[in-house]
Amino acid sequence: MSSRKGLIITIDGPSGAGKSTVARKLAERIGYRYLDSGAMYRAVAYAYRATGDQQEIGRFLGNLDLSFSFDEGAKVCFNGEDISTSIRSSEISLAASRISQDPKVREYCTQLQRRLGEEGGVVLEGRDTGSVVFPHADRKFFLDANVAERARRRHVEVTASETGSDESFSKIQAEIEKRDRDDSSRSLAPLIKPEGAVYVDTTEKGIDEVVDLLVKALGERP
């Protein structure tokens with residue numbers, strides 16, 4: 370008999386499409402756990418930079434002391450220190466995109482996601498949750514938005530953060546465009562719309578509207 374506690378739901382898409390907020394609110398709405406895969410890659414990138422970028426990646430991952438709590442938002446600790454805010458900078462975002470291209474890092478994060486999500490009753494979001502991590506997920510969604518809108522959202526996020534970033538809109542848009550190219554062109558687990566995923570353009574939609582659409586889609590599909 371299956372020990373699954375509910376569906377495995379994946380939400381993928383590019384940076385700024387609204388994945389994290391939508392996934393978190395969807396999980397709250399339906400009483401599921403929320404897993405932020407992007408936080409895992411960001412945490413690995415942050416920790417690798419903090420160690421001086423000198424260690425061989427396999428040895429680094431073997432000694433890595435990271436802990437995650439996704440009960441309320443995404444709390445991430447490195448060596449016991451809460452780095453949840455620190456990993457949200459644009460600098461760490463780009464570092465995460467680069468380090469995620471390493472096969473050992475992707476395997477580390479993929480296995481971590483599978484361990485945390487295999488019981489079901491979970492909403493995962495990222496860039497390959499429905500294509501690589503859980504290719505046979507019960508429900509898959511792909512969120513997207515035009516580059517200008519995604520840059521606007523990111524600009525609002527970073528300027529309102531505790532880090533007090535004053536990055537310009539044009540710089541953020543250029544970084545998003547670069548990350549789009551990197552994520553879509555990498556040979557290992559590129560950003561794609563997973564097979565069977567429902568496509569949702571969030572450009573002109575509010576968060577609650579998108580969540581309502583996903584809840585409706587979940588109810589319509591057997």
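Going by the numbering used here, the letters in the sequence shown line up with residues 370 to 591, in that order. Glycine included, C-beta positions come from ideal geometry on N, C-alpha and C.
Opposing strand residues paired with residue i [DSSP bridges]
i	result
glycine 495	Asp381
cysteine 446	Ser436 and Asp451
arginine 508	Ile378
aspartate 513	Asp570
Host alpha helix (DSSP H) of residue i (start-end)
i	result
arginine 393	388 to 399
aspartate 549	538 to 554
arginine 475	472 to 486
phenylalanine 429	426 to 431
lysine 585	576 to 589
alanine 464	459 to 468
Integer Cβ distance of residue i from residue j, believed to fall under 8 Å
i	j	result
valine 525	lysine 394	Not a contact, Cβ separation roughly 17 Å.
valine 445	serine 453	5 Å
serine 466	aspartate 551	5 Å
asparagine 515	threonine 479	Asparagine 515 to threonine 479, Cβ: 29 Å. No contact.
glycine 387	arginine 523	Actually they do not touch by this definition, with Cβ atoms about 11 Å apart.
glycine 486	phenylalanine 503	7 Å
leucine 560	proline 383	6 Å
isoleucine 426	lysine 473	5 Å
valine 331	isoleucine 545	Because residue 331 is not part of the residues shown, which for the chain are 370 to 591, the question remains open.
Residue range of the unbroken beta strand (DSSP E) whose run includes residue i
i	result
valine 567	567 to 570
leucine 404	402 to 405
Own chain residues within Cβ distance below 7 Å of residue i, not counting five before or after
i	result
arginine 418	Ala464
methionine 370	In this prediction, methionine 370 scores a pLDDT of 37, lower than 50, which makes its location untrustworthy; no coordinate-derived value is stated.
lysine 562	Phe511 and Tyr568
arginine 475	Ser469, Leu557 and Ala558
alanine 396	Arg402, Tyr403 and Val492
tyrosine 415	Phe447, Ile452, Ser455, Ile456 and Ile461
Contacts around residue i, its chain only, beta-carbon distance under 6 Å, and the 5 residues preceding and following it disregarded
i	result
asparagine 448	Asp434
arginine 635	The structure shown does not extend to residue 635, since the chain spans only 370 to 591, so no value can be given for it.
glutamate 518	Thr572
- Message: Counting beta carbon pairs with one atom in the segment 373 to 381 and one in the segment 503 to 517, are three or more of them shorter than 8 Å?
- Response: Verdict: yes, contact present.
- the segment 482 to 499 touching the segment 398 to 418, judged by at least three CB pairs closer than 8 Å: Segments in contact, yes.
- Inter-stretch contact (C-beta, 8 Å, three-pair minimum) for the segment 581 to 591 and the segment 534 to 545: Contact fails: fewer than three Cβ-Cβ distances are below 8 Å.
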